[in-house]
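Asker:
Protein chains: 2
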Amino acid sequence: MKIQQILLNERPEGLPSPDTFKTVSVELPAPAEGEVLLQPLYFSVDPYMRGRMNDARSYIPPFKVQEPIESGGVATVVESKDARFSAGDLVMPGGGKNFFPWATGILFSGDHLRKIDSSIPPTYYLGVLGMPGLTAYFGLMDIGKPKSGETVVISGAAGAVGLVAGQIAKLQGCRVVGIAGGEEKVKLLTSDFNFDAAINYKGNTHLGTAVAAACPNGVDIYFDNVGGDISDAVMEHLNFFARIPVCGQIALYNSTDVPMGPRIQPTLIKFSVLMQGFTIGNYAHRYMEGMQQLGEWIRAGKIKYTETVIEGFDQLPTALLGLFSGQNSGKMIVKV
Amino acid sequence: MKIQQILLNERPEGLPSPDTFKTVSVELPAPAEGEVLLQPLYFSVDPYMRGRMNDARSYIPPFKVQEPIESGGVATVVESKDARFSAGDLVMPGGGKNFFPWATGILFSGDHLRKIDSSIPPTYYLGVLGMPGLTAYFGLMDIGKPKSGETVVISGAAGAVGLVAGQIAKLQGCRVVGIAGGEEKVKLLTSDFNFDAAINYKGNTHLGTAVAAACPNGVDIYFDNVGGDISDAVMEHLNFFARIPVCGQIALYNSTDVPMGPRIQPTLIKFSVLMQGFTIGNYAHRYMEGMQQLGEWIRAGKIKYTETVIEGFDQLPTALLGLFSGQNSGKMIVKV
């Protein structure tokens, strides 16, 4: 069976370009004993994937050059040589694996698959009930520790993580201020997603003033999805004992030089601020707790959810790049 | 009674100069009812005092221009109109006050004084049993949470806080690496204070390499007393789940511009690092615990202690400035 794969052709310097990717045709053998042949339905594209394109020590090993890029995904079973799976089952990576290779057909060990409940839209497992939703949940609740009446600022607020983090913060009784790029996104945050205020950072030369105006009582939690200038503006308005879950730095991921900025340690001391970098893998032992709570809120209509779905396997590189120019509202998904 | 006071003459830009200070002669009236006349014996000079010279929002209000500078101190009672105190008592600020004004004679309300135990050298209350010792204790134990076998790096290691922090880390079974300025200090750390290794940052153009060599298993706790380039070098070698108590940034306190440096948030995410800025006031409700534990260690000879004592009331500005060029080993004290 002939399938297509998208490889990491070369490690990008700065923003990835078409040369970063290469599509190849590969002959897939029939599944061996214990293997399952999968047809991918959806792939997730996520900002952290930029880091995996570099050859650097980090929490996930880098992608290998001339091998398929991989990401979260949902697939349907085509043929199974593992008694636990049958044709038609909806599956995701499991048993210690988190990613599918970018391919139109995949051979995968049944030991590293898990079935998903077909009563829930399958893309939810890549978004609000998946890595982004859990990132929002644990980052905000476990590190941010919101208290009713506090002010929470969320950067990347219209993204997959930010939308969920903001709504959770509202459920905790906080004033929630979102920062996003573009008037349309900013409107959506207050009209559809229950944010108290939203700031469009694009073209805003007085971001610090805007943050001050939106946060008359200062900032108690800054959920930092973005980094760079946006974070600098928020850091000026922190309250004593503020908490900063540091979850993503998309503003910096395509830098070719070491990104420079104001040193923040003096601010951390002055206001006794906590910063905690984290990745969702730290909470692997508590995923069930997070998914149960998020599922409850979704079923009760307390958390709303949106996705940007791009169609076509060949659109995977474009979708990934689109994250860095903010093409998405909510979770960015590619439908194969 | 004529006394001398040292005032903040003007707010310094960058490093304080002789113009920053002004010595004046003042006529002190006799103590009123409830007041105590004090003769200061020792004043503490500490890096955080630089921040109080600026007119900026922080955890302690700024010094006022044309008013006496103030700092921790130990005094003897000369005359008392408060029944709780008698001539000859050794006292420190208490009852919500932490500072004495820089003066050769002081009128102070008895409500804001506390007697100290004369069986312990009085300067210990300004150092190992005072603010610096407690800063080391709570920063390391409460934020750093050292585990036996971990590697702890301490910047400003030969200073009042760093010396104590390093010895506490050793008592927890850690490998302890100190960074200090000057060959003499570095030798002292390993010969007298039980550090496993020490790095002289002065004239060291490969500080990162030196940190790597001294920390073959990476850095689990970075007790950051100093900031700037020294911290940048340590940050390159953090382990997963490293903790950084941020206690002082003496390298930056005299900057006239906003100090710039490499953005650290990507490192915090990659290695799930915690940074917590703090000041000792956060632990006011636990001072007794800290003083008891430190006292026990000192009596058992498990923590050694050193001071740099400069003589003369008029040397207070010089002693304070000396901190920024690292003139001290251990606690810097002025004997009036």
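Line by line, the protein sequences give chains E and Z. Reminder that position 123 of the first sequence reads as 123 in the UniProt record's numbering, one-by-one numbering, no gaps. Reminder that position 52 of the second sequence reads as 52 in the UniProt record's numbering, one-by-one numbering, no gaps. Even glycine gets a Cβ: it sits at the ideal position worked out from N, Cα and C.
1) Flag S44(E) as yes if its beta-carbon sits less than 7 Å from any beta-carbon of chain Z, otherwise no.
2) For Y137(E), return the contacting residues in chain Z, with the cut-off set at a CB-CB distance below 7 Å.
3) Can you check whether the C-beta of F278(Z) is within less than 7 Å of a C-beta belonging to chain E?
4) So which residues of chain Z does F271(E) contact, with C-beta pairs closer than 9 Å?
5) At what residues does the alpha helix (DSSP H) containing M49(E) begin and finish?
6) Using 8 Å as the cut-off, can you tell me whether the segment 125-143 of chain Z makes contact with the segment 274-291 of chain Z, which would need three or more C-beta pairs spanning the two stretches below that distance?
7) Which runs of the alpha helix (DSSP H) spanning at least 4 residues fall entirely within the segment 110-139 of chain Z, listed in chain order?
8) According to a CB-to-CB cut-off of less than 8 Å, which residues of the segment 256-269 of chain Z neighbour chain E?
9) Tell me whether N217(E) is buried or exposed, calling it buried when 16 or more other Cβ atoms sit within 10 Å of its Cβ.
10) Tell me, please, whether the CB atom of G227(Z) is closer than 7 Å to any CB atom in chain E?
11) V246(E) versus chain Z: which residues are under 8 Å apart at the beta carbon?
12) Tell me, please, whether the CB atom of N254(E) is closer than 7 Å to any CB atom in chain Z?
13) In three-state terms, what does DSSP make of A319(Z)?
14) What residues of chain E sit near N239(Z), judged by a beta carbon separation below 8 Å?
15) Since N239(E) and F271(E) should fall inside the 8 Å C-beta cutoff, what is the C-beta to C-beta distance between them, to a whole number of angstroms?
16) What does Q5(Z) reach in chain E if we use C-beta pairs closer than 9 Å?
17) Please work out which residues of its chain come closer than 7 Å, Cβ to Cβ, to T231(E), disregarding the five sequence neighbours upstream and downstream, and give them in chain order.
18) Would you list the residues sitting across from M1(E) in a DSSP beta bridge?
19) Does any C-beta atom of chain E lie closer than 7 Å to the C-beta of N194(Z)?
20) Starting from L28(E), follow the beta strand (DSSP E) in both directions and report where the run begins and ends.
21) Out of curiosity, what's the CA-to-CA distance linking G149(Z) and T205(Z)?
22) I need the DSSP call for E184(E), collapsed to helix, strand or coil.
23) Quick one: is R299(E) buried, meaning 16 or more other Cβ sit within 10 Å of its Cβ, or exposed?
24) Can you say whether E70(E) is buried or exposed, counting buried as having 16 or more other CB atoms within 10 angstroms of its CB?
25) Apart from the five residues just before and just after S109(E), which ones in its own chain have a Cβ nearer than 7 Å to its Cβ?
26) Return the Cβ separation of L129(E) and M1(E) in integer angstroms, given the expectation that the two are a contact with Cβ distance under 8 Å.
27) Given 8 Å as the limit, is there contact between the segment 68-88 of chain Z and the segment 24-33 of chain Z, that is, 3 or more CB pairs closer than that?
28) Just the Cα atoms here: how many angstroms apart are P132(Z) and V176(E)?
29) Name the residue from A214(Z), P262(Z), L134(Z), L207(Z) whose alpha carbon lies nearest to the alpha carbon of Y283(Z).
30) For M288(Z), is the classification buried or exposed, using 16 other Cβ atoms within 10 angstroms of its Cβ as the cut-off for buried?
31) Within the 7 Å Cβ cut-off, does N282(Z) reach chain E?
32) Compare the beta carbon distance of F43(E) and G73(E) with 7 Å and say whether it is the shorter of the two.
33) Can you give me the C-alpha to C-alpha distance between P93(E) and N54(E), rounded to a whole angstrom?
34) I'd like the ranges of any beta strand (DSSP E) spanning at least 3 consecutive residues and lying wholly in the segment 181-232 of chain E.
35) State the DSSP-derived secondary structure class of Y42(Z), mapped to helix, strand or coil.
36) With distances taken between CB atoms, is the gap from I303(Z) to Q167(Z) smaller than 7 Å?
Answerer: According to the structure shown:
1) By one-based count along the first sequence, residue 44(E) stands at place 44. No, because no Cβ of chain Z sits closer than 7 Å to the Cβ of S44(E).
2) Stepping through the first sequence from its first residue, residue 137(E) is reached at position 137. Neighbours of Y137(E) on chain Z: none; closest Cβ ~17 Å, over 7 Å.
3) The residue given as residue 278(Z) occupies position 278 in the second sequence. At least one chain E Cβ lies under 7 Å of F278(Z).
4) Within the first sequence, residue 271(E) is the residue found at index 271, counting from 1. Those are R57, S58, Y59, G277, listed as they occur along chain Z.
5) Indexing the first sequence from 1 puts residue 49(E) at position 49. It spans 49-52 - the alpha helix (DSSP H) in which M49(E) sits, taken as one unbroken run.
6) yes
7) 131-138
8) V258, P259, M260, G261, P262, R263, I264, Q265, P266, T267, L268, I269
9) Reading the first sequence from its first residue, position 217 is the one you call residue 217(E). Looking at its Cβ environment, which holds fewer than 16 other Cβ atoms inside 10 Å, N217(E) is exposed.
10) The sequence position of residue 227(Z) within the second sequence is 227, counting from 1. Yes, because at least one Cβ of chain E sits closer than 7 Å to the Cβ of G227(Z).
11) Working through the first sequence from its first residue, we reach residue 246(E) at position 246. Within 8 Å Cβ-Cβ: Q265, L268, I269.
12) Counted from its first residue, the first sequence places residue 254(E) at position 254. Cβ-Cβ to chain Z under 7 Å: no for N254(E).
13) Your numbering for residue 319(Z) matches position 319 in the second sequence. Reduced to three states, the DSSP call for A319(Z) is helix.
14) Working through the second sequence from its first residue, we reach residue 239(Z) at position 239. By Cβ distance, chain E contributes nothing, its closest Cβ being about 11 Å from N239(Z), past 8 Å.
15) Within the first sequence, the letter at position 239 stands for residue 239(E). Within the first sequence, the letter at position 271 stands for residue 271(E). Rounded, the Cβ-Cβ distance is 7 Å, consistent with contact.
16) Here residue 5(Z) is taken as the residue at index 5 of the second sequence, counted from 1. Simply none; closest approach about 28 Å.
17) Numbered from its first residue, the first sequence carries residue 231(E) at position 231. For clarity, residue 231(E) is Ser in the given sequence; the question names Thr instead. Around S231(E): S155, D224.
18) For the purposes of this step, residue 1(E) is taken as the residue at position 1 of the first sequence. Per DSSP, none; premise fails for M1(E).
19) Walking along the second sequence from the start, residue 194(Z) turns up at place 194. No, because no Cβ of chain E sits closer than 7 Å to the Cβ of N194(Z).
20) Along the first sequence, one-based indexing puts residue 28(E) at 28. L28(E) -> no beta strand (DSSP E), and no H or E assigned at all.
21) Here residue 149(Z) refers to the residue found at position 149 of the second sequence. Here residue 205(Z) refers to the residue found at position 205 of the second sequence. Straight-line Cα distance between these residues: approximately 29 Å.
22) Within the first sequence, numbered from 1, the residue matching residue 184(E) stands at position 184. Note: E184(E) maps to helix in three-state DSSP.
23) Walking along the first sequence from the start, residue 299(E) turns up at place 299. By the 10 Å Cβ count, R299(E) comes out exposed.
24) For the purposes of this step, residue 70(E) is identified with residue 70 of the first sequence, where counting begins at 1. With 16 or more other Cβ atoms within 10 Å, it is buried.
25) Sequence index remark: in the first sequence, residue 109(E) carries index 109 (1-based). Counting only Cβ-Cβ distances below 7 Å, and skipping sequence neighbours, we find G34, E35.
26) Within the first sequence, the letter at position 129 stands for residue 129(E). Within the first sequence, the letter at position 1 stands for residue 1(E). 31 Å between Cβ atoms; not a contact.
27) yes
28) Position 132 of the second sequence holds residue 132(Z). Position 176 of the first sequence holds residue 176(E). Approximately 38 Å, taken between the alpha carbons.
29) The residue given as residue 283(Z) occupies position 283 in the second sequence. The shortest C-alpha separation from Y283(Z) is found at L134(Z).
30) The sequence position of residue 288(Z) within the second sequence is 288, counting from 1. Classification of M288(Z): exposed, given that the 10 Å Cβ count is below 16.
31) The sequence position of residue 282(Z) within the second sequence is 282, counting from 1. Yes - at least one Cβ of chain E is within 7 Å of the one on N282(Z).
32) Taking the first sequence and counting its residues from 1, one reaches residue 43(E) at position 43. Taking the first sequence and counting its residues from 1, one reaches residue 73(E) at position 73. Closer than 7 Å, so yes.
33) In the first sequence, the residue the question calls residue 93(E) occupies position 93. In the first sequence, the residue the question calls residue 54(E) occupies position 54. Looking at the two C-alpha atoms, the distance is approximately 23 Å.
34) 197-200, 219-223
35) The residue you call residue 42(Z) lines up with position 42 of the second sequence. Of the three classes helix, strand and coil, the one that applies to Y42(Z) here is strand, per DSSP.
36) Along the second sequence, read from residue 1 onward, the residue named residue 303(Z) stands at position 303. Along the second sequence, read from residue 1 onward, the residue named residue 167(Z) stands at position 167. Cβ atoms of I303(Z) and Q167(Z): closer than 7 Å.
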